[in-house]
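In my numbering, the protein residues as written are 2 to 396. For every residue, glycine included, the Cβ atom is placed at its ideal position computed from N, Cα and C. Just so it is clear, the structure is predicted and the values come from calculations on it, not from any experiment. For reference, the structure is listed below as structure tokens.
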Amino acid sequence: MKEMTTKVYIALFALAVSAFAIGTTEFVIVGLLQTVADDLSISVTKAGTLISGYAIAIAVGTPIVTALTGRIPKKGFLLILMSVFIIGNVLSALSATYEVLLASRVITAIAHGVFFAIAATVATDSVPENKKASAISIMFTGLTVATIAGVPLGTYIGQSLGWRATFAVVAGLGFVALIVTMLAVEKVENQSAPPTLKNVGELIKNKRILLALLMTALGFGGTFSLFTYLDPILREVSGYSSKTITLLLLIYGVAVAIGNIVGGKIANQHPVRALRVVFVLQGIVLLLEMILLPSKKLSIVGIVLMGLFAFMMSPGVQAYILTLAEKLVPSAKDIASALNISAFNVGIASGSALGGLAVTHLTYLDTAWIGAIMAAFAFILAVVNYKLDKKQHLF
């Protein structure tokens, strides 16, 4: 019987280090858009495609590449993916034109998505059945910390030494992650029947899988509707200085890490049952931000609450899709994991876009109720999924 030994925790930590490097490279470009645009003599709007192009590459490329590489041993594949990730960031650091930079971002993005899809299955295959969500939460802590700590640090480096220096540092982080993964992660047996492109179609046609993926997208969309504009909100609505905002983002990051671990623990038994509560609390907290953020004192409470529930759904939705796939389409577990990573990025893109519409046509604070509505729809889907699970005796 599998146990949560020290060696397993070290392996999960190794995956978290990789997640930190990968998460940093996805979002660090947000703080460097103007710098990149000025240096490459392009518009900020065109520079913005470096973000949207990255998300699209993950959403489209992840399930396809995962299906085509199903026979490659998982540990070896993780090392290959980290190597591609390093190469992609080195190319970004050496880019002299927009076209080269975009191409390097696409290469990095595909390695990003597939790595998370495979790493999630490696994490869950390494632990007992009732610890799957906790294993995923440990791995995803690297991603959530990267969103808060890695991005501000990368932005600071880019603004001080040039944006290319940021990608060079991220490539270095990737090399550290590669070595740690090589030493700490044990070999994992592949499925007896590796996934195929046909499995992608089977999963997309499965209504239960689609409901789970839509729930993921809506949950993440709710978070990113407001999170995308957190920096200007703290600056223009709450009235904080740039230096103070850096500290507040670190506080937010600590809250995110705590929420992520809690989310893993409460989702261990039946992920979607816990997700019903998580989505309700997420929606309530987002609505409260409309009251808390305009007050300089209360905004600190708002930041902590927002951080706690921003990514609490992450372990649950990933564990749920893996468990659901094991029961409904056993040969396509890796593909299901990949599709869920795609759903993350669809949620990030849609939440950010809707938040952008609110900022353009309404106010910064209107991003909060838009996010709350998305969380409400995610809650409804969680309720539906839970009832269907009981009806079909899946859990």
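Query: Who are the Cβ neighbours of Glu187 in its own chain at under 6 Å, not counting the five residues just before and after it?; Result: none
Query: I'd like to know whether the C-beta atoms of Gly348 and Gly222 end up nearer to each other than 7 Å.; Result: yes
Query: Anyone know if the C-beta pair for Leu13 and Ala124 falls short of 7 Å?; Result: yes
Query: Measure the alpha-carbon distance for Val238 versus Ile292 and round it to whole angstroms.; Result: 11 Å
Query: Using beta-carbon positions only, say whether Ala22 and Leu174 come within less than 7 Å of one another.; Result: yes
Query: Between Gly89 and Thr109, which are expected to be in contact by the criterion C-beta below 8 Å, what is the C-beta distance as a whole number of angstroms?; Result: 3 Å
Query: Would Ala97 be called buried (16 or more neighbouring beta carbons within 10 Å of its own) or exposed?; Result: exposed
Query: Just the Cα atoms here: how many angstroms apart are Ile285 and Gln160?; Result: 36 Å
Query: If we ignore side chains and look at the alpha-carbon of each, how far apart do Leu16 and Ser315 end up?; Result: 15 Å
Query: Have a look at Met313, Phe312, Tyr157 and Leu288 and flag the residue whose alpha-carbon is nearest the alpha-carbon of Gly303.; Result: Leu288
Query: Rounded to whole angstroms, how far is the Cβ of Val346 from the Cβ of Ala104, which I believe are closer than 8 Å?; Result: Looking at the sequence provided, one finds Asn at residue 346 rather than Val. At roughly 19 Å, the Cβ-Cβ gap does not stay under 8 Å, so Asn346 and Ala104 are not in contact.
Query: Three-state secondary structure (DSSP) at Tyr387?; Result: helix
Query: Tell me whether the beta-carbon of Leu219 lies closer than 7 Å to the beta-carbon of Ala359.; Result: no
Query: Using the Cβ count rule (16 or more neighbours within 10 Å means buried), how would you classify Leu355?; Result: buried
Query: Please check the pair Ala256 and Ile137, which I expect to be a contact at CB under 8 Å, by giving their CB distance rounded to whole angstroms.; Result: Actually they do not touch by this definition, with Cβ atoms about 19 Å apart.
Query: Is the CB-CB distance between Ile259 and Ala172 below 7 Å?; Result: no
Query: Ends of the alpha helix (DSSP H) at Ile158?; Result: Val152 to Leu162
Query: Helix or strand or just coil, what does DSSP make of Lys328?; Result: helix
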